[in-house]
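The sequence shown begins at 1 in my numbering and counts up by one.
So the structure is just underneath, and the comments pick up after that.
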Amino acid sequence: MFDSLSSRLEGIVKRLRGKGRLSEADVDEMLKEIRTALLEADVNVGVVRNVVARIREQAVGARLSEALDPGQQVVKIVNAELTAMLGGETLKITYAGRPPTVVLMAGLQGSGKTTNSAKLARWFKSQGRQPLLVGADLQRPAAVEQLRTLGRQIDVPVFSEPGDPVATAQRGFGE
Numbered sequence: 001m002f003d004s005l006s007s008r009l010e011g012i013v014k015r016l017r018g019k020g021r022l023s024e025a026d027v028d029e030m031l032k033e034i035r036t037a038l039l040e041a042d043v044n045v046g047v048v049r050n051v052v053a054r055i056r057e058q059a060v061g062a063r064l065s066e067a068l069d070p071g072q073q074v075v076k077i078v079n080a081e082l083t084a085m086l087g088g089e090t091l092k093i094t095y096a097g098r099p100p101t102v103v104l105m106a107g108l109q110g111s112g113k114t115t116n117s118a119k120l121a122r123w124f125k126s127q128g129r130q131p132l133l134v135g136a137d138l139q140r141p142a143a144v145e146q147l148r149t150l151g152r153q154i155d156v157p158v159f160s161e162p163g164d165p166v167a168t169a170q171r172g173f174g175e
C-alpha cells in the first residue's frame, strides 16, 4: 500500500510544485489518486471514504500552514490521516521464545483476512522469518485456493487439508 501511495503522492507533489495554494481541482485530483491507491491496497471501502473525507476537510479548510507549499501540505495531511487510520502508534510483535510464533486472523467475511495474512507473511519473510500460511477457512470454497495463489506470489508455503478447520490448524501448527 505504502509504495503505491508514495509513488502517487510523489506525482501529486510534482504537479503542485510552484503553486501558491491548493485549489478545489487540485484537492479532487489528489483525493482520486489517494482513493485509488488505498482501494488497490485492499483497504476497506468505508475506511477509504472516511480517510478521504478527513483529508478533504483539512486540505480545503483553513487549517493549511502558510509555512508549507501545497505539496508539503498534502504529504503532511496524508501522513497524519494514515497514521491515525493505522492506530497512531507502532506496536512491536512479540515472537515466541521457541518457534513457531502464531498469528490467528479472525474477522467477518469479506474483511480482508486472506489478503492481509499474505501481506503479513510477506512482511515476516522480509524480516528474515520463515512464515507458513495455514488455510483453515474451509467454509468458503475459494479461500484456500486464494491463499495458495497469494502464497505462490510471495513464495511462502501454504498448508491446508480438507475436513475439520480445528484439526487443520493443529496440523498446520505442527508443520
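By construction, the Cβ of each residue, glycine as well, lies at the ideal position given by its N, Cα and C atoms.
{"Item": "Pop quiz: L39 and V51 are said to be a contact at Cβ under 8 Å. What is the actual Cβ separation, rounded to whole angstroms?", "Value": "Wrong, their Cβ atoms sit about 11 Å apart, outside the cutoff."}
{"Item": "Look up L133 in the DSSP assignment and give the residues it is bridged to.", "Value": "V158"}
{"Item": "Can you list, in chain order, the residues of its chain with a C-beta nearer than 8 Å to that of V48? Leave out the 5 residues immediately preceding and following it.", "Value": "R35, L38, L39"}
{"Item": "Suppose the cutoff is 7 Å on Cβ atoms and the five residues either side in sequence are ignored; what does the same chain contact list for V103 look like?", "Value": "L120"}
{"Item": "Might you give, ordered along the chain, the residues of its own chain that have their beta carbon closer than 7 Å to the beta carbon of R148, omitting 5 neighbours on each side?", "Value": "V158"}
{"Item": "Kindly indicate which residue of A118, G71, P165, L9 has the alpha-carbon position closest to the one of R152.", "Value": "A118"}
{"Item": "Of all the options G87, R8, D69, which has the alpha carbon lying nearest to the alpha carbon of E29?", "Value": "R8"}
{"Item": "Heavy atom of the ligand PLP less than 7 Å from the Cβ of K125, yes or no?", "Value": "Summarising the ligand content, the structure contains no ligands, and the ligand PLP is consequently not present."}
{"Item": "On the criterion of 16 or more Cβ atoms from any shown chain inside 10 Å, does E57 qualify as buried, or is it exposed?", "Value": "exposed"}
{"Item": "Whole angstroms is fine: what's the gap from R21's alpha carbon to Q72's?", "Value": "11 Å"}
{"Item": "Within the same chain, show all residues whose beta-carbon is closer than 8 Å to that of A96, passing over the 5 residues directly before and after it, in chain order.", "Value": "V102"}
{"Item": "Taking the Cβ atom as the reference point for each residue, do F173 and P100 lie within a distance shorter than 8 Å?", "Value": "yes"}
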